[in-house]
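S.K.:
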Amino acid sequence: MTVVKPNDPDTYGELARRLRDDANDSVLSEYRSCFEQARDSARQRLHEPLPADEFRSQQALAQCTDLSIEVLNAVHATLREG
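Count along the sequence shown from 1, then add 95; that gives the number in my numbering.
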């Protein structure tokens, strides 16, 4: 079990550290925007005629970026609570 020490900089990874120190949420917005752009691009490609393997890849990318946004929001919310 890992003991979380909020004031110990080694407790957090780089992303969590940047989110924790981001007073105006610009880092959150930047990361969210990157994931949203990738997701939107993948979703748009799903409407194009694609080989089956490429379709599955774009489908997976859209799902993964949705999950990444969800994780990003959860990490941000957890850091703000503490």
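Here a beta-carbon is modelled for each residue, glycine too, at the ideal position from N, C-alpha and C.
Can you tell me where the alpha helix (DSSP H) holding Asn-168 begins and where it ends?
M.R.: Where Asn-168 is concerned, the enclosing alpha helix (DSSP H) stretches over 147–176.
S.K.: By the 10 Å Cβ neighbour count, where 16 or more other Cβ atoms means buried, how is Leu-162 classified, buried or exposed?
M.R.: Answer is exposed; the Cβ neighbour count stays below 16.
S.K.: Does the distance from the C-beta atom of Leu-156 to that of Phe-150 stay below 8 Å?
M.R.: In this structure, Phe-150 does not lie closer than 8 Å to Leu-156 by Cβ.
S.K.: Give the DSSP-derived three-state secondary structure of Glu-143 in the structure shown.
M.R.: In this structure, Glu-143 counts as coil in the three-state DSSP scheme.
S.K.: Any idea what DSSP makes of Met-96, helix, strand or coil?
M.R.: Bear in mind that a pLDDT of 41 at Met-96, under 50, signals an unreliable position, so the model cannot answer this.
S.K.: Which residue's Cα is closest to the Cα of Ser-152: His-171, Ser-136 and Glu-125?
M.R.: Of His-171, Ser-136 and Glu-125, the residue nearest in Cα terms is Ser-136.
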